[in-house]
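Encoded as structure tokens, the structure appears first; notes follow it.
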Amino acid sequence: MASVKIKNKKQVASQNVGWRTVIRTLSISLADVGADWYFFFKVLRSETHQGVPDTYLYGLLFLSFLSTALFITQVINSCLAMNGRQGICCSVNKIIWLSAAVEDLPQFMLTYMIDVQIGGEITPEGMLNFSTNVLGFIVRLTESYPNPNSPEIDDVDYVEEARGKTSTSYKAMA
């Protein structure tokens, strides 16, 4: 008989994080960060966007820094979760939701306001920013939901309670 020890619920949850999920999420996030910075510098140096108010430029700059910070935090947390360790500030799913709600949606709206309302038409840089924001938003929301095929944490607790064991370790059948 082999002994299996479950230390805490976060370690069980971290075992469900796979390389494919991490690579997919991080590559989309990296493309989103790159598109944010590319759009910011194109607006800053573009002749068609000469009438852009400074508040919009500061907003773009802030959102570009925010997306970079969230990306770095997501990379660190994903690597720690792959090794079964707790993240530096919160779970990977919270970073994904925060990135989708606080960075993607405002960036999408700000890109629309700058390109369509001020510039008169959507630029290729704006379309790149739109597409990476929408794709990133969809991928982040779908990645943040738990995998239905993975064992749930509550099921492990239920099995332990059904066996009459109150400790966090139980004997696995060999």
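Going by this note's numbering, 780 is the number at position 55 of the sequence shown; the sequence numbering is gapless. Heads up, the beta-carbon is just placed ideally off N, CA and C, and yes, glycines get one too.
task: Within the same chain, show all residues whose beta-carbon is closer than 7 angstroms to that of V800, passing over the 5 residues directly before and after it, in chain order.
output: L751
- prompt: Taking C-beta to C-beta, are V827 and I753 nearer than 8 angstroms?
  reply: no
query: Roughly how many whole angstroms lie between the Cα atoms of L830 and M838?
result: 12 angstroms
task: Starting from the C-beta of F764, find all residues in its chain whose C-beta is less than 8 angstroms away, skip the five residues before and the five after it, and write them out in chain order.
output: L785, T836, E850, G851, L853 and N854
message: Rounding to the nearest angstrom, what Cα-Cα distance links L755 and I748 in this structure?
response: 10 angstroms
- prompt: How long is the line joining the alpha carbons of S771 and G844, rounded to whole angstroms?
  reply: 10 angstroms
task: Report yes if the CB atom of Q832 is closer than 8 angstroms to the CB atom of D779, and no otherwise.
output: no
message: Under DSSP, the alpha helix (DSSP H) around T750 begins and ends at which residues?
response: W744 to R770
query: What separation, rounded to the nearest whole angstrom, lies between the Cα atoms of V758 and Y781?
result: 18 angstroms
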